[in-house]
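Trainee: Mind the numbering: the sequence shown is residues 85 to 232 in my numbering, read in order.
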Amino acid sequence: MTQQTAVGSGAARPVPRPDEISRFFWEGAAAGRLVLQRCVACRKLQYPPDVCCLRCQSEKLEHTDVSGRGFLYSYAVVARPLHTGFVGAVPYVVALVELVEQAGLRLVANLVDVPESAPLTCGLPVEVVFEWRLTVSLPQFRLATAAR
Numbered sequence: 085m086t087q088q089t090a091v092g093s094g095a096a097r098p099v100p101r102p103d104e105i106s107r108f109f110w111e112g113a114a115a116g117r118l119v120l121q122r123c124v125a126c127r128k129l130q131y132p133p134d135v136c137c138l139r140c141q142s143e144k145l146e147h148t149d150v151s152g153r154g155f156l157y158s159y160a161v162v163a164r165p166l167h168t169g170f171v172g173a174v175p176y177v178v179a180l181v182e183l184v185e186q187a188g189l190r191l192v193a194n195l196v197d198v199p200e201s202a203p204l205t206c207g208l209p210v211e212v213v214f215e216w217r218l219t220v221s222l223p224q225f226r227l228a229t230a231a232r
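1. With respect to the alpha helix (DSSP H) encompassing A114, which residues constitute its N-terminal and C-terminal limits?
2. Output needed for S158: all residues of its chain with C-beta closer than 7 Å, excluding positions within five of it in sequence on either side, in chain order.
3. Does DSSP classify G169 as helix, strand or coil?
4. So which of C136, C126, E211 and P100 has the shortest CA-CA distance to E182?
5. Between which two residues does the beta strand (DSSP E) carrying D197 extend?
6. Going straight from the alpha carbon of W110 to that of S221, what length do you get?
7. Given C136, which residues of its chain have a CB within under 8 Å of its CB, disregarding the five upstream and five downstream residues?
8. Taking its Cβ as the centre, do 16 or more other Cβ atoms sit within 10 Å of R122, making it buried, or is it exposed?
9. Using 10 angstroms around the beta-carbon of R164, count the other beta-carbons present and answer buried if the total reaches 16, otherwise exposed.
10. Would you tell me roughly how many angstroms separate the C-alpha atoms of Y176 and L166, rounded to the nearest one?
11. Of all the options E215, V184, L129 and E185, which has the alpha carbon lying nearest to the alpha carbon of N194?
12. Since V198 and L204 are thought to touch, with beta carbons under 8 Å apart, how far apart are those beta carbons, to the nearest angstrom?
13. Taking Cβ positions, are P223 and L118 nearer each other than 8 Å?
14. Can you list, in chain order, the residues of its chain with a C-beta nearer than 6 Å to that of R139? Leave out the 5 residues immediately preceding and following it.
15. Could you check the C-alpha separation between F170 and R97 for me, to the nearest Å?
Dropping the structure here:
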């Protein structure tokens, strides 16, 4: 992990470090695109990136853009920072989002820009947004326009 300083905390905040397997994902995010792997053999999308298909073990994988639309599958509100870099960020929402492209295709990310008056419930529509931290663009999600 590389480090970033959180606003107001003075502490280092971890950010992802792209590697050979995940580089396409982070390059897509830097361009404002959500890019996942698709197996050429069985056509299933997968996340996180891996060297082979998690379903059929084929090593023939391609990269494909997805819509970034999905539904809130589950979530947790973090009220106590577990890392000093997040002291100024609490409370924040960690979300498990199921993408519309495929049942069971889920990503963990933060849910951002949640109005205090908006009650969170599983099934709410969400959409991807990107947040820059140092040299990495992080996919985050927000409530879709229709749900706000």
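From the three backbone atoms N, C-alpha and C, an ideal C-beta is built for every residue, glycine too.
This structure is a prediction, so every number in the text was calculated from the model and none was measured.
Mentor: Judging by the given coordinates:
1. Membership of A114 in the alpha helix (DSSP H) is indicated by the continuous run R107 to A114.
2. L180 and C206
3. In the structure shown, G169 falls within a helical segment according to DSSP collapsed to helix, strand and coil.
4. That would be E211, whose Cα lies nearest to the Cα of E182.
5. Counting along the chain, no beta strand (DSSP E) covers D197, and no H or E run does either.
6. 7 Å
7. S142, E143 and L145
8. buried
9. exposed
10. 12 Å
11. E215
12. 7 Å
13. yes
14. So the qualifying residues of the chain are C126 and K128.
15. Their backbone Cα atoms lie some 7 Å apart in a straight line.
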